[in-house]
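Numbering (my numbering), first residue to last: 3 to 140. Every residue, glycine too, gets a C-beta built ideally from N, C-alpha and C. Data block below; observations after.
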C-alpha cells in the first residue's frame with residue numbers, strides 16, 4: 003500500500019506522481035486542510051455535524067495522505083479500481099473518496115489561484131465532461 007510518508011523522502015517520485023515538489027505539496031496541504039475543515043459534507047455526501055477527523059479504520063492516516071491520494075489520481079488518471087488497489091481500498095470506496103476529495107481539492111486550489119498545468123488540465127477535462135453531461139440531461 004502506498005502513502006505520502008513513503009514518497010515524501012523521494013522528491014523525484016513525488017513530483018512525477020503528483021506534479022508537485024515537496025515544498026509545493028506542503029503549501030497546498032495547508033490550503034487543503036483549511037478547505038477540509040470548512041467542508042460541510044461527509045464522505046457519504048450528508049450534512050456534516052462534527053468537524054472532520056481521521057478515524058482508526060480510515061484508509062488514510064493523515065490529511066497529507068488524502069491530498070496525496072487525490073493528486074496522484076488527478077496526475078496519473080488511473081482507473082478507480084487500479085487507484086483503489088494502490089491505496090488498499092475497493093473501487094467503490096475509491097469512487098467515494100475521489101468525489102469527496104475532488105471537491106476539497108477544487109476549493110483549496112480556488113483559494114490558491116494556481117496549480118500545476120497537469121492538474122489544471124485534468125480538472126478542466128473533468129469540469130467540461132461534467133458540464134457536457136449536465137447539458138445532455140436538461
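Straight-line gap, residue i to residue j (C-alpha atoms, nearest Å)
| i | j | result |
| --- | --- | --- |
| residue 11 | residue 22 | 13 Å |
| residue 62 | residue 68 | 6 Å |
| residue 105 | residue 15 | 25 Å |
| residue 133 | residue 86 | Annotation note: pLDDT 46 at residue 133 (below 50); position unreliable, coordinate value reported separately. Rounded to whole angstroms, residue 133 to residue 86 spans 26 Å at the Cα level. |
| residue 8 | residue 28 | 15 Å |
| residue 75 | residue 40 | 23 Å |
| residue 3 | residue 112 | 30 Å |
| residue 103 | residue 13 | 23 Å |
| residue 17 | residue 25 | 11 Å |
| residue 137 | residue 20 | With a pLDDT of 39 at residue 137, under the threshold of 50, the predicted position of this residue should be treated as unreliable, though the coordinate-derived value follows. Going from the Cα of residue 137 to the Cα of residue 20 covers about 31 Å. |
| residue 2 | residue 107 | Shown here, the chain extends from 3 to 140; a query on residue 2 therefore has no answer. |
| residue 84 | residue 60 | 19 Å |
| residue 100 | residue 93 | 10 Å |
Span of the alpha helix (DSSP H) around residue i
| i | result |
| --- | --- |
| residue 86 | 82-89 |
| residue 19 | 13-20 |
| residue 72 | 65-78 |
| residue 9 | 6-10 |
| residue 27 | 24-40 |
Beta-carbon spacing of residue i, residue j below 8 Å
| i | j | result |
| --- | --- | --- |
| residue 6 | residue 89 | no |
| residue 78 | residue 97 | no |
| residue 38 | residue 65 | yes |
| residue 80 | residue 30 | no |
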